[in-house]
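Q:
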């Protein structure tokens, strides 16, 4: 970010009243120095959403959503940072400065080039009876072809390409339309392929998918990643879905699935583009829906894709959104199922789809043995590694209870329900105990960069971890027994002694790191709750800077934990 843009952001925020921004979406009532209302980011009956006008900051004590006016607009309206900044700036009569002098013109040229490409491909499709017959045989209706701007790279496209590449070679190469051929000259990437233009949420063409019709591999070819097109942030058909203004969406695997559903009178569908469903995809759709039905093949690959989807949205899911998984039988995908069985059968199957919670519990149970102590322990550890990532406390507690019930345990054996602050302290103690038990089994200095916990905290176990870390720097082979001996006679000794005595698992770098990240997250959450209320020890400006810094740290740790889970699932 340039210095000019950074200064501009500060200027916009200085002229923006966060209460005014949030009141356009949330009914707020004055409560002392702050304002309160029902959180727009999770379902609740008692207000836990607080807006602090002096610090220009919001915080939810239920789901822990937080930030400034820009953060609120981004999250509530599902906008990118620059889109939110532009909206904020316009509201106060300011214009976002260009980062480079030529960028706006280049963007306009790229969008215009891609629009022209769509038109040339549409012309080729309309004049090619063989391709039109192919689509008819596949059950893709004309209205679906028009709605999604289907095309074909034939003679007219070739003429357009040869003309355009003479003046816009770099732009065509940059957005993946042109490649360097064997002779070193630019060549078309999609020739003789059925074309699926990919649009962003505003309807702008940002890339293409091309399907081979002559057995030439690969079967599907997508535009490469570029500044315009990033698969993990894009859902095919989202622009068309938003225009419907309905609250139920089907998430399917491919272009033809979306088109088949539309052709059979089910237009509310989107698809991932050759990648797993991501948390970014979830944020794209959650604002517009009350119900999401994922539709996958019933084979091993389909269930693996479903599991990855659950892990993607699980940390940020709102319990007010109903999520189900539909697994189609007999090697069917939505396209083939609709052609063979029809719309009515598909809708009946969708009505009986399994809930995401039941799928999560069923998958865990199938991969663990629950009739042995070790099996139940492994089951709980795996389940907790996922439920601990959930930002909604009420849903997290419900899921934890369901996990304990399935394992034949009482929830009170694991944690004690209480206030949000009490639960926060319980989790701090829980993660600290895991870290201490893991450190007792260390044989190397691996992963000590996760320590110490420099976030201020008064928990005695956290202080023990920091003390141990300092000793490890000078004595890397220090054992748990040495720590126990050093702490003998102190108030914390009985607890440390019990932890070390019960420690039976070998050192697990992944478990250690996840616990370290989770503990740091809880300590940061504790600090945020402390500083969200007005204090006299710091100025509003200083507290605002501190809160912004803590929010950034919190977001980074959430992402690190999600990355760890994704990596673990990929390795499986």
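In my numbering, the protein residues as written are 666 to 1237. Glycine included, every Cβ here is placed at the ideal spot set by N, Cα and C.
#1: Leaving out five residues on either side along the sequence, give the residues of the same chain with a beta carbon under 7 Å from the beta carbon of residue 1061.
#2: Buried or exposed, going by whether 16 or more other CB atoms sit within 10 Å of the CB of residue 811?
#3: Tell me the rounded alpha-carbon separation between residue 886 and residue 746.
#4: Looking at the structure shown, is residue 860 part of a helix, part of a strand, or coil, going by DSSP?
#5: Do residue 727 and residue 741 have their C-beta atoms within less than 8 Å of each other?
#6: For residue 806, report the span of its alpha helix (DSSP H) as first-last.
#7: What residue range does the alpha helix (DSSP H) around residue 753 cover?
#8: As a quick exercise: from 880, 888, 841, 907, pick the residue whose alpha carbon is nearest that of residue 868.
#9: Can you give me the C-alpha to C-alpha distance between residue 698 and residue 675, rounded to a whole angstrom?
#10: If you run the structure through DSSP and keep just helix, strand and coil, what is residue 935?
#11: Helix or strand or just coil, what does DSSP make of residue 781?
#12: Could you pull the start and end residues of the beta strand (DSSP E) that residue 1174 belongs to?
#13: Using only the alpha-carbon positions, how far apart do residue 1023 and residue 1029 sit?
#14: Whole angstroms is fine: what's the gap from residue 1068's alpha carbon to residue 943's?
#15: Can you check which of these residues, 1209, 1033, 1103, is closest to residue 1179 by C-alpha distance?
#16: Give the single residue among 1130, 1185, 788, 929 whose Cα lies nearest to the Cα of residue 1165.
#17: Would residue 762 pass as a contact of residue 678 if the rule is Cβ separation under 8 Å?
#18: Per DSSP, which one or two residues make a beta bridge with residue 773?
#19: Please state whether DSSP places residue 732 in a helix, a strand or coil.
#20: Could you tell me if residue 1140 is buried or exposed, where buried requires 16 or more neighbouring beta carbons within 10 angstroms of its beta carbon?
#21: Are the CB atoms of residue 1047 and residue 1040 nearer to each other than 8 Å?
#22: Compare the Cα-Cα distances from residue 1057 to each of 998, 937, 947, 709 and report the closest residue.
#23: Who are the near neighbours of residue 925 in its chain, counting only those whose CB is closer than 8 Å to its CB and skipping five residues on each side?
#24: How long is the line joining the alpha carbons of residue 938 and residue 918, rounded to whole angstroms?
#25: Looking only at its own chain, which residues have a Cβ that is under 7 Å from the Cβ of residue 933, when we skip the five neighbours before and after it?
#26: Is the Cβ-Cβ distance between residue 1182 and residue 1222 less than 8 Å?
#27: On a CA-only basis, which of 673, 715, 859 is nearest residue 759? Give me that one, please.
#28: Distance, Cα to Cα, residue 1025 vs residue 704?
#29: Would residue 834 and residue 859 be called neighbours here (beta carbons separated by less than 8 Å)?
#30: With which residues is residue 820 paired in a DSSP beta bridge?
#31: Can you tell me whether DSSP reads residue 1035 as helix, strand or coil?
#32: So, residue 940 versus residue 1018, is the Cβ gap smaller than 8 Å?
#33: Is it the case that the region 813-825 contacts the region 777-785, given that we only count it when at least three CB pairs across the two stretches are under 8 Å?
#34: Taking the CB atoms as reference points, tell me whether residue 978 and residue 970 lie closer together than 8 Å.
#35: Spell out the partners DSSP gives residue 991 in its beta bridges.
#36: Apart from the five residues just before and just after residue 994, which ones in its own chain have a Cβ nearer than 7 Å to its Cβ?
A: Per the coordinate set shown:
#1: Within the same chain, Cβ atoms closer than 7 Å to the Cβ of residue 1061 are found at 1052, 1055, the five residues on either side in sequence being excluded.
#2: Residue 811 is exposed by the Cβ-count criterion.
#3: So the alpha carbons of these two residues sit roughly 30 Å apart.
#4: DSSP, read as helix, strand or coil, puts residue 860 in strand.
#5: Taking a C-beta distance under 8 Å as the contact criterion, residue 727 and residue 741 do not qualify as a contact pair.
#6: Counting along the chain, no alpha helix (DSSP H) covers residue 806, and no H or E run does either.
#7: Annotation: the continuous alpha helix (DSSP H) that includes residue 753 extends over 746-756.
#8: The shortest C-alpha separation from residue 868 is found at 907.
#9: Their Cα atoms are separated by approximately 23 Å.
#10: Strand, per DSSP.
#11: Correct three-state label for residue 781: helix.
#12: Taken as a continuous stretch (DSSP letters only), residue 1174 belongs to no beta strand (DSSP E), being part of the alpha helix (DSSP H) at 1174-1196.
#13: Taking the straight line joining both Cα atoms gives about 10 Å.
#14: Between residue 1068 and residue 943, the C-alpha separation is close to 24 Å.
#15: Checked all of 1209, 1033, 1103; the closest Cα to residue 1179 is 1103.
#16: Per the C-alpha coordinates, the member of 1130, 1185, 788, 929 positioned closest to residue 1165 is 1130.
#17: Contact flag unset, no.
#18: Answer by DSSP bridge pairing: none, since residue 773 is not bridged.
#19: In this structure, residue 732 counts as strand in the three-state DSSP scheme.
#20: By the neighbour-count rule (16 or more Cβ atoms within 10 Å), residue 1140 is not buried but exposed.
#21: It is not a contact, given that the beta carbons lie outside the stated cut-off.
#22: Closest in C-alpha terms to residue 1057, from the list 998, 937, 947, 709, comes 709.
#23: Excluding residues within five positions, the ones whose Cβ falls inside 8 Å are 803, 804, 805, 999, 1000, 1003, 1004.
#24: Residue 938 and residue 918 have their C-alpha atoms spaced approximately 7 Å apart.
#25: Cβ within range, chain order: 906, 909, 911, 913, 914, 915.
#26: It is a contact, given that the beta carbons lie within the stated cut-off.
#27: Considering only alpha carbons, the answer is 673.
#28: Using only the alpha carbons, I get a separation of about 26 Å.
#29: Cβ distance not < 8 Å, so residue 834 and residue 859 don't count as in contact.
#30: None; residue 820 has no bridge partner.
#31: Collapsing the DSSP output to three states places residue 1035 in coil.
#32: Going by beta carbons, residue 940 and residue 1018 fall outside the 8 Å limit.
#33: Touching, yes.
#34: Contact flag unset, no.
#35: Per DSSP, the beta bridge partners of residue 991 are 960.
#36: For residue 994, where only same-chain residues beyond five positions count, the Cβ hits under 7 Å are 963.
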